[in-house]
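Visitor: Numbering (my numbering), first residue to last: 5 to 282.
C-beta: ideal position from N, C-alpha, C; glycine also.
Keep in mind it's a predicted model, so treat the numbers as computed, not measured.
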Ligand SMILES: [Fe+2]
Ligand SMILES: [Fe+2]
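#1: Terminal residues of the continuous alpha helix (DSSP H) containing residue 106?
#2: Three or more C-beta pairs closer than 8 Å, one from the stretch 67-78 and one from the stretch 11-26: is that the case here?
#3: May I have the straight-line CA-CA distance separating residue 47 from residue 249, to the nearest angstrom?
#4: Which residues share a DSSP beta bridge with residue 127?
#5: Does DSSP classify residue 219 as helix, strand or coil?
#6: With distances taken between CB atoms, is the gap from residue 159 to residue 197 smaller than 8 Å?
#7: Measuring straight from C-alpha to C-alpha, what distance separates residue 33 and residue 58?
#8: Go ahead and pull the three-state DSSP assignment for residue 214.
#9: Looking at C-alpha atoms only, which residue of 179, 53, 92, 39 is the closest neighbour of residue 103?
#10: Which residue wins for smallest C-alpha separation from residue 194, given the options 49, 161, 96?
#11: Tell me whether residue 265, by its Cβ, gets closer than 7 Å to a heavy atom of ligand 2.
#12: On the three-state DSSP scale, how would you describe residue 186?
#13: Is the number of C-beta pairs between the stretch 167-182 and the stretch 237-256 that are closer than 8 Å three or more?
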């Protein structure tokens, strides 16, 4: 079984589905896609753990051309991209008899049936660069600050999901692993919320491939120390923007995120202590 390839395909699937979640308009569709995206994330984690157990090397690269396929104008086109993705994955599992892959095959076969029931015909506004937020009065300064913040944070959250998941797969310290899981799931939530705002404003940006030296052969202690700083910085950025934005609802949202970032610092400290004691 080609772990490296199947991990990459599942990783690409996860990105497509998590982005699609914020690109469609209808809540029913969004909810189902969100469920699929979270399952895709779990599939990815299981495959990575299996690969580590079998001593197979892999990385967190994806094919940018694959991800770019979601940059379409119409919801019906996006739906086709997602169906193709699942079908390709199902075809890739063919002939493999493995506990994890059997689960993936079972899940994807059901998901494709769910997607076939969708009836979508809306336009996709995620990339149209209109830079307005419906029902929200923002002055030009606040608007550019928000757009800049969203682009930066979307990249960063994706990077964190990737790195925390990779670290988790390669570490066997229970306390640290539980922190990495929580951090990855919180980052998925942050990514989704930021991407949803960016999508509404037409400034959604696709993720960048993470350089290997950000996660391969890095000292975990050093990484954790650096990321405590990063989480504190994220907290600060949210606070600064919350003050600048001049909109109560957005400020409240940013303050909520900033407090979560503070907690992320705590979680990393816990992981750091556990690793030092080990
Ligand atoms: Fe975050
Ligand atoms: Fe964070």
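Guide: Let me lay it out:
#1: Counting from one through the chain shown, the residue named residue 106 turns up at place 102. Under the DSSP assignment, residue 106 falls in the alpha helix (DSSP H) whose first and last residues are 103-120.
#2: In short, these stretches touch, since the Cβ pair count reaches three.
#3: For the purposes of this step, residue 47 is taken as residue 43 along the chain shown, with counting starting at 1. For the purposes of this step, residue 249 is taken as residue 245 along the chain shown, with counting starting at 1. Straight-line Cα distance between these residues: approximately 38 Å.
#4: Against the chain shown, residue 127 aligns to sequence position 123. Partner(s): 78.
#5: To locate residue 219, count along the chain shown from 1; it is residue 215. Shown here, residue 219 sits in coil according to DSSP, grouped into three states, outside any helix or strand.
#6: As a first step, residue 159 is located in the chain shown; it is residue number 155 there, counting from the start. As a first step, residue 197 is located in the chain shown; it is residue number 193 there, counting from the start. Result no, Cβ atoms of residue 159 and residue 197 do not sit closer than 8 Å.
#7: Against the chain shown, residue 33 aligns to sequence position 29. Against the chain shown, residue 58 aligns to sequence position 54. Their Cα atoms are separated by approximately 37 Å.
#8: Residue numbering aside, residue 214 sits at position 210 when the chain shown is read from its first letter. Three-state DSSP puts residue 214 in coil, outside helix and strand.
#9: Within the chain shown, residue 103 is the residue found at index 99, counting from 1. Closest option to residue 103, Cα to Cα, is 53.
#10: Within the chain shown, the letter at position 190 stands for residue 194. It is 161 whose Cα lies nearest to the Cα of residue 194.
#11: Here residue 265 refers to the residue found at position 261 when the chain shown is read from its first residue. Checking the 7 Å criterion, the Cβ of residue 265 is within range of a heavy atom belonging to ligand 2.
#12: The count along the chain shown starts at 1 and reaches residue 186 at position 182. In the three-state scheme derived from DSSP, where H, G and I count as helix and E and B as strand, residue 186 is classed as helix.
#13: No, the stretch 167-182 is not in contact with the stretch 237-256.
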